[in-house]
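Participant:
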Amino acid sequence: MQHPAMPKNIAAAAILAAAMASAAASLAPQARAEGNASKEPMELRRIMQELGRNMQAAADGISREEWVRVAEIAPRIAEHPQPPLGEKKRLLGFVGSEAGRFRRFDQQTHQAAKSLEQAARRGDGEAVIAAFASVQNACLACHQSFRKPFLEHFYGQR
Ligand code: HEC
Numbered sequence: 001m002q003h004p005a006m007p008k009n010i011a012a013a014a015i016l017a018a019a020m021a022s023a024a025a026s027l028a029p030q031a032r033a034e035g036n037a038s039k040e041p042m043e044l045r046r047i048m049q050e051l052g053r054n055m056q057a058a059a060d061g062i063s064r065e066e067w068v069r070v071a072e073i074a075p076r077i078a079e080h081p082q083p084p085l086g087e088k089k090r091l092l093g094f095v096g097s098e099a100g101r102f103r104r105f106d107q108q109t110h111q112a113a114k115s116l117e118q119a120a121r122r123g124d125g126e127a128v129i130a131a132f133a134s135v136q137n138a139c140l141a142c143h144q145s146f147r148k149p150f151l152e153h154f155y156g157q158r
């Protein structure tokens, strides 16, 4: 007899359809994430994580008043690596008319980190701390403008 089995199959088909629909829904943001559908971390994230570690190391050096160490770390922040050309194009393509602002935040970070290095070389603790705060403010300013839109665009995060 086939009939008793039928309702079961229909129920199974309905469950499968529902599962597929929800899978499709969860894929939607991924599909929207332009040029990065795999959500593989982009090079920019690795660079940012390194900046984060260097800022932590600099803060630690400041706490210990180890100015030589701070002077060694600061250039790693100022001259942080850049994403490869292809990724850079995608980044600038995304920021579009805001590219100027995006670049300025990066330059501010660079300049503040340079001041940090010079102050540390002089062993001028107060100037080191002021420059460190300027670096951190430049990080913050860029994040406030670009981080969320960036994550939404490239990683489909809402
Ligand atoms: C010109 C813009 C800009 C500047 C300047 C900038 N960032 Fe970022 N940062 C971003 C963007 C965009 C993201 C999101 C990228 C991502 O998560 O893939 C980000 C993400 C991060 C993250 C999170 C990474 C993760 O694993 O989720 C850290 C940490 C970070 N930045 C540290 C810093 C520090 C420290 C500085 C300053 C020394 C800095 N950033 C300066 C644009 C900037």
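Residue numbers (this note's numbering): 1 to 158. Glycine is no exception: its CB is placed at the ideal position from the N, C-alpha and C atoms.
1. Cβ of Gly52 versus every heavy atom of the ligand HEC: is any distance shorter than 7 angstroms?
2. By Cβ distance below 7 angstroms, which residues in the same chain neighbour Ala112 in space, the five residues on each side in sequence not counted?
3. Within 10 Å of its beta-carbon, does Val68 have 16 or more other beta-carbons around it, so buried, or fewer, so exposed?
4. Of the choices Met48, Leu151, Ser115, Gln144, whose alpha-carbon is the least far from that of Pro81?
5. According to DSSP, is Pro84 helix, strand or coil?
6. Roughly how far, in whole angstroms, is the beta-carbon of Glu50 from the beta-carbon of Glu87, given that I think they are within contact range, below 8 angstroms?
Facilitator: Here's the rundown:
1. Taking the first residue of the sequence shown as 1, we reach residue 52 at position 52. Checking the Cβ of Gly52 against the ligand HEC gives yes.
2. Translated into positions along the sequence shown, residue 112 becomes position 112. So the list reads Ala131, Ser134, Val135, Ala138, once near-sequence residues are dropped.
3. Against the sequence shown, residue 68 aligns to sequence position 68. Burial call: exposed.
4. Position 81 of the sequence shown, counted from the start, is the residue given in the question as residue 81. Of Met48, Leu151, Ser115, Gln144, the residue nearest in Cα terms is Met48.
5. By 1-based counting over the sequence shown, the position of residue 84 is 84. Three-state DSSP puts Pro84 in coil, outside helix and strand.
6. As a first step, residue 50 must be located in the sequence shown, where it is residue number 50. As a first step, residue 87 must be located in the sequence shown, where it is residue number 87. The Cβ separation is near 15 angstroms, so there is no contact.
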